[in-house]
Amino acid sequence: MIAAFKRLKASRGVGKFCRNRLAVAALGIIVLYALVGGWVALGDLLPGRAGITYAQVEQPVWPTPINGFGIPATNERRVEAARIITREVKRAVNNGEGFTDIRYGLLHILPGTADSDTELDRLSTLIEESEDLYDQLSEFDDLNSPEPPMLDDGAPDPDSIDVPSTIARLEGAVRQMFAPLSGWQSLKQSLLHSLGTDRQGRSNFLRVIFSIKVALQVGIVVAIISVLVGTFLGAAAAYFGGWVDHAVVWLYSTLSSMPELILLAVLVYAFSGSVFDKVSNPWLALVPVYAAMCMEFWIGPCRVIRGETLKLKELEYVQAATAIGFGRFYILLKHVIPNTVHLMFINFSLLFIAAIKFEVVLSFLGLGVKVGPSWGRMIQESTQEVINGIFWQIGAATVFMFVLVLAFNIVSDALQDAFDPKHVG
Amino acid sequence: MWSYVARRLLYSIPVYLGIILIMMGALRLRDPVSAYLGKNATAETALLKKASMGLDRPFLPIGIEDPAEPFGIEPIVEVGRVGFYPPLRTQYVEFLWRILRFDFGTAERPYRSWQFESDNVGAKLADAVWPTLKITIPALVLTATIAILVGLLSAAYRGSVLDKTLMVLVVLGMSISVVVFIVLGQVFGSSWLNGKLGFELFASNGYEPGIQNWVKYCALPVIIGVVVGMGYDARFYRAVMVEETSRDYITTAVAKGAPRHKIIFVHMLKNAMIPVITRIMITIPFLITGSIVMEYQFRIPGMGKLLIDAIVNKDFPIIQTFTAVLAGLFILTNILTDVLYALVDPRVRLA
Amino acid sequence: MTTPSPILSVRHLTTRFRTDRGIVTAIDDVSFDLYPGETLGIVGESGCGKTVTSKSIMRLLPERTTIIDPSSQIMFEGTNLATADDRTMRRIRGDRIAMIFQEPMTSLNPVFTIGWQLDEALKYHTDLGRAARRSRAIEMLKLVEIPNAERRVDEYPHQLSGGMRQRVMIGMALCCEPDVFIADEPTTALDVTIQAQILALMENLRKRLNTAIILITHNLGVVAQVCDRVAVMYAGRVIEVGGVRRIFHDPQHPYTRALLDSIPKAGRKEHGKRLPTIEGIVPSLFDLPKGCRFADRCARCQPLCRDTEPELLPAEGVGESHLKRCHFPLSQAAPVTSASHAAMTSSPGARP
């Protein structure tokens with residue numbers, strides 16, 4: 026196989042692919058995604074030190090939903106967030122509990138010194154101030170478009186508070202309750218807030234990055250298994266002919282007689298036993314999805330490789346190899362399959378895209394990823410938000426998925442252009 | 011030609027039997043009854059439910075009985091531990107028999123859904139077909155027409171700015187998930203648009219029967235469906251047309267002095283019809299299934315929603331019947347496609 | 038004796054293609070004349086540019102990737118076809134200049150009957166009514182010697198054999214009685230017996246309709262049989278043009294000589310002799326040599342040959358009717374050759 030890869034590298038097709046600058050750029054983007062996904066996956070191996078864990082993703086980064094790109098939320102929300110934080114800190118101070126579970130992203134109350142009296146005093150002062158400001162603000166019915174209270178003669182009351190600055194002071198007070206962040210940390214914090222949050226306050230940015238790992242996971246597992254199984258079955262069917270061929274063709278004709286999504290849905294149903302439902306490990310929980318997709322996707326490569334092998338079978342060097350007396354399996358593995366490697370690559374990228382897209386649809390319907398975020402689930406959860414005009418979650422998921430799928434589309438188009446002489450461009 | 015059709019039907023029988031076998035087997039990998047009843051069911055309720063559904067019977071006429079879960083019927087004859095059971099009372103054969111008679115529940119011999127205890131599966135399927143068709147048929151017609159035109163234009167002016175723009179749009183469209191189109195389409199097509207117009211043109215979900223309600227409930231799903239499906243089709247038709255342009259007989263036609271529009275719409279189109287028809291025919295069984303996601307999101311009580319609800323609620327009879335009917339439709343449509351081929355392409359002789 | 042003026046006059050025809058490896062010049066400075074009623078052969082190896090030349094005349098090359106040099110002139114009835122617009126070309130194609138191709142199996146549209154396809158040509162270029170067109174179609178089929186023409190006219194291409202399809206193509210091309218008929222390797226895909234029939238048919242029709250024929254082939258035997266004049270092409274250039282008899286008996290260009298020598302001959306004298314070949318291969322169009330394109334393979338090659346490309350000039354003592362593109366044509370004395378050059382050729386006939 027190594028010889029096959031060497032041959033592939035030197036072939037004209039690879040040259041043609043590399044000349045296509047758009048395709049190379051797209052490939053670069055895919056590599057970037059792969060690196061990010063890989064880094065995220067480290068979270069399972071080295072929790073806390075690298076990567077992102079499932080627990081981290083699920084934790085809210087703010088008590089109330091916020092907008093992305095630093096756009097401030099509505100006044101009401103801001104005040105509400107301040108109130109919640111104040112209440113939590115107050116409760117912890119009064120009960121003498123630790124502050125470790127008051128965390129919003131990287132913002133937290135300094136644990137050690139919070140026990141000291143000076144720190145408690147400081148927090149109490151801040152709590153008082155914030156409660157005071159809150160009371161002032163609660164006199165307004167609608168904080169979002171507050172009407173300044175009028176005097177009897179119709180002029181605005183000069184003694185009334187100015188809402189925006191009051192809210193700013195309130196937020197300032199709350200901010201001071203938290204330990205100050207270093208430059209690097211505050212950068213990370215703003216990154217967490219950069220794409221806004223969903224209704225539960227979880228960071229869209231974290232979730233969408235975590236979903237990269239999920240998508241890549243599904244894509245790679247499904248694509249690799251399907252291509253390998255499909256290639257082997259297809260090549261074997263064409264090469265050995267006879268009942269092997271009949272069996273394989275019957276099998277894929279049968280499976281293709283159902284529309285894909287339906288087959289997937291039914292297979293997911295069939296494979297998801299109670300075993301898999303109980304498992305919280307996100308890797309294992311997806312096994313029904315993997316199994317369903319592989320059972321569906323192996324058909325594509327199988328058909329293509331079978332067709333190609335039928336052609337290759339008649340070529341001289343295969344016949345020569347047979348004449349020399351090499352075993353049939355040997356010829357299959359060493360002569361036939363390596364010459365279908367380019368098709369394997371093309372199919373890999375096509376199936377990768379299909380896997381990601383189907384995962385999105387399945388998760389959207391509730392049949393796919395059930396534990397933890399994925400692009401499909403994010404879109405599904407965003408349907409409520411979208412009605413109210415909040416597009417952060419769906420926007421983030423769509424854009425990130427779009428870039429990856431587009432890159433793969435470009436790459437597989439370029440691969441087909443480069444390696445398949447009959448491909449129409 | 012009729013002998014060809016008859017032969018094809020005959021050959022389809024083993025295929026269909028196989029499909030049903032695989033499908034029924036897959037559905038029974040995990041015990042349907044316990045899946046439906048959940049973890050809290052006692053063993054007795056489970057057994058009772060099984061018996062009532064006929065799931066306690068052997069799957070095939072030959073089977074080995076598990077003493078812990080005995081079959082509900084007696085074998086005709088037993089050879090050691092292997093028993094031969096009356097075929098018609100085994101699950102596999104009995105279901106096939108149902109399919110043959112197209113009997114999915116009548117008043118006297120009910121075949122009830124598990125979710126809707128009072129409804130027969132057959133009746134539920136029949137009710138769900140029409141709403142689905144009201145969306146899928148218009149969507150198919152529109153998508154095919156527009157995609158063919160786009161494909162023709164792109165191929166005829168291959169390499170031009172128009173072609174490149176169209177194909178870029180297509181690739182961009184293909185990279186956005188279907189569900190995004192549906193969710194955004196739903197929001198912008200109904201709430202937002204209705205707000206702008208001042209009246210409700212498209213409902214954001216729901217369904218009411220009757221042709222007068224079509225625009226309100228079905229038009230938006232159709233529009234979204236066309237936008238989603240057009241990209242793939244346009245690309246395919248373009249590839250077909252471009253292949254046509256490189257054919258020798260097109261060069262001959264040009265050499266004869268044929269004008270450009272005749273070359274495209276007469277010479278190329280008729281030859282391109284063959285793959286085009288194949289593609290359209292392949293999508294016909296999908297007309298019945300409808301877009302699952304669309305119906306789910308728009309709460310249209312069609313076949314797609316029926317299936318998803320059945321899967322989520324583990325309604326075994328519906329799932330089983332649905333897939334059986336669908337597979338049958340698929341096979342029939344394939345045969346129909348081949349016959350249509352013969353009508354369009356004079357080279358094809360039905361062998 | 039005044040020579041009649043040519044019906045088609047090609048001068049400095051240069052056609053380039055855009056490929057993903059750059060722009061390549063497929064044919065360069067091709068010039069020849071076609072006189073009314075004669076058969077001109079264009080002969081050369083595969084890839085020498087014969088088909089590109091004929092398709093350039095008919096403007097059948099893909100627009101997007103083809104560049105015909107603006108200095109090219111293809112004069113036909115006063116119009117320069119190289120720069121004519123699409124409408125003019127459409128008027129001329131099929132009606133004044135017609136063309137048939139190499140592959141009869143794929144050149145006819147499979148989903149229309151032969152009658153329909155003949156009818157189409159007549160519809161575009163004549164004013165005949167439907168019944169008149171049909172009878173003319175049947176007449177053409179009879180003219181190209183297709184038996185049972187009345188029945189065949191409603192049949193589909195796949196119901197005919199290769200030879201018959203080529204006859205239909207000829208019929209289609211000639212049904213409007215064009216002045217020029219270009220046949221691009223019409224018999225290459227057919228077996229030898231059919232080949233003879235088709236050639237005889239073409240010769241027959243030429244006499245009846247007084248059509249000038251450009252016959253493109255790589256088979257010198259065919260040229261000898263039916264052509265009046267012949268142009269020899271090599272690597273995108275015309276290297277010799279002249280009357281068939283003169284060129285066959287007295288070729289001027291070494292390549293022509295080598296081609297003639299490589300025709301297998303029958304007879305006792307030839308027993309045991311090796312078939313002469315031309316050593317080397319045609320230069321790649323992406324990597325053309327500076328001087329004469331045949332220099333590497335020529336036994337008479339001199340430093341001048343490698344340095345400057347020869348012009349297409351009249352042969353000595355003959356005049357315009359025999360042109361050659363060679364610094365040291367065969368009619369001259371043999372130049373002094375180095376030992377390595379002598380070793381390069383294996384053909385005994387290469388010696389002057």
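Residue numbers (the working numbering), protein chains in the order written: chain A, 26 to 450; chain B, 11 to 361; chain C, 38 to 389. Here a beta-carbon is modelled for each residue, glycine too, at the ideal position from N, C-alpha and C.
- Exclusion of the five residues before and after leucine 106/B leaves Leu27, Ile30 as the residues of its chain whose Cβ lies within less than 8 Å of its Cβ.
- Chain-ordered, the chain C residues with CB closer than 7 Å to the CB of histidine 277/B read Asn146.
- Counting every other CB atom within 10 Å of its CB across the protein chains shown gives valine 92/B a total below 16, marking it as exposed.
- For arginine 266/C, the secondary structure class from DSSP, reduced to helix, strand or coil, is strand.
- From the listed residues Ala149/B, Val139/B, Val188/B, the smallest Cα separation to alanine 229/B is found for Ala149/B.
- Looking only at Leu375/A, Val86/A, Gly267/A, the smallest Cα-Cα distance to proline 326/A is reached by Leu375/A.
- Contact between asparagine 146/C and histidine 277/B is confirmed by a C-beta separation of about 6 Å, below the 8 Å threshold.
- For lysine 41/A, no Cβ of chain B is located within less than 8 Å of the residue's own Cβ.
- An exposed status is given to arginine 311/C, since fewer than 16 other beta-carbon atoms sit within 10 Å of its beta-carbon.
- By the neighbour-count criterion, in which 16 or more other beta carbons inside 10 Å mark a residue as buried, serine 321/C falls on the exposed side.
- Alanine 135/C is bridged by DSSP to Phe218/C.
- In this structure, Gly121/A is the residue among Leu288/A, Leu309/A, Ile127/A, Gly121/A with its C-alpha nearest to the C-alpha of aspartate 142/A.
- Listed along the chain, the chain A residues whose CB falls inside 8 Å of the CB of alanine 36/B are Val291, Leu292, Ala295.
- In the DSSP assignment, threonine 103/C falls outside any alpha helix (DSSP H) and lies within the beta strand (DSSP E) extending over 103-105.
- At least one C-beta of chain A is nearer than 8 Å to the C-beta of arginine 40/B.
- Serine 91/C places its beta carbon less than 8 Å from that of isoleucine 219/C.
- Boundaries of the beta strand (DSSP E) harbouring phenylalanine 54/C: 45-56, taken from the DSSP string.
- Identification of residues in the segment 296-328 of chain B having a C-beta nearer than 8 Å to some C-beta of chain A yields Phe296, Thr299, Ile302, Val303, Tyr306, Gln307, Leu317, Ile318, Ile321, Val322, Lys324, given in sequence order.
- Rounded to the nearest angstrom, the gap between the Cα atoms of isoleucine 129/C and glutamate 277/C is 29 Å.
- For the pair leucine 159/C and arginine 170/C, the CB atoms are nearer than the 8 Å cut-off.
- By the Cβ test, the segment 89-99 of chain A is not in contact with the segment 62-81 of chain A, since fewer than three Cβ pairs between them sit closer than 8 Å.
- Considering only Asn130/B, Phe212/B, Ala352/B, the residue with the shortest C-alpha distance to proline 285/B is Ala352/B.
- Each of Ile105/C, Arg133/C, Arg330/C was checked against the Cα of glycine 317/C, and the nearest Cα belongs to Arg330/C.
- The CB of tryptophan 275/A comes closer than 9 Å to the CB of Pro24, Val25, Gly28 in chain B, given here in chain order.
- Shown here, arginine 130/C sits in a strand according to DSSP, grouped into three states.
- For serine 282/A, the C-beta contacts it makes with chain B under 7 Å involve Ile29, Ala337, Phe340, Ile341, in order along the chain.
- With respect to the C-alpha of glutamine 242/A, the residue from Ala348/A, Leu212/A, Gln441/A, Tyr58/A having the closest C-alpha is Tyr58/A.
- Classified as buried, lysine 266/B has 16 or more neighbouring CB atoms from the shown chains inside 10 Å of its CB.
- Pairing glutamine 222/B with asparagine 413/A, the inter-Cα distance amounts to about 30 Å.
- Of the other Cβ atoms in all chains shown, fewer than 16 fall within 10 Å of the Cβ of isoleucine 86/B; this residue is therefore exposed.
- Across the structure, phenylalanine 42/A and valine 436/A are spaced so that their CA atoms are roughly 9 Å apart.
- With contacts defined by Cβ atoms closer than 8 Å, leucine 155/C and cysteine 212/C form a contacting pair.
- Two segments are said to touch when three or more pairs of C-beta atoms, one from each, lie closer than 8 Å; by this definition the segment 227-245 of chain A touches the segment 399-414 of chain A.
- Taking 8 Å as the CB threshold, proline 269/B lines the interface with chain C.
- With respect to the 8 Å criterion, valine 385/A and serine 301/B are not classified as neighbours on the basis of their beta carbons.
- Here tryptophan 140/B is exposed: its Cβ has fewer than 16 other Cβ atoms, across all protein chains shown, within 10 Å.
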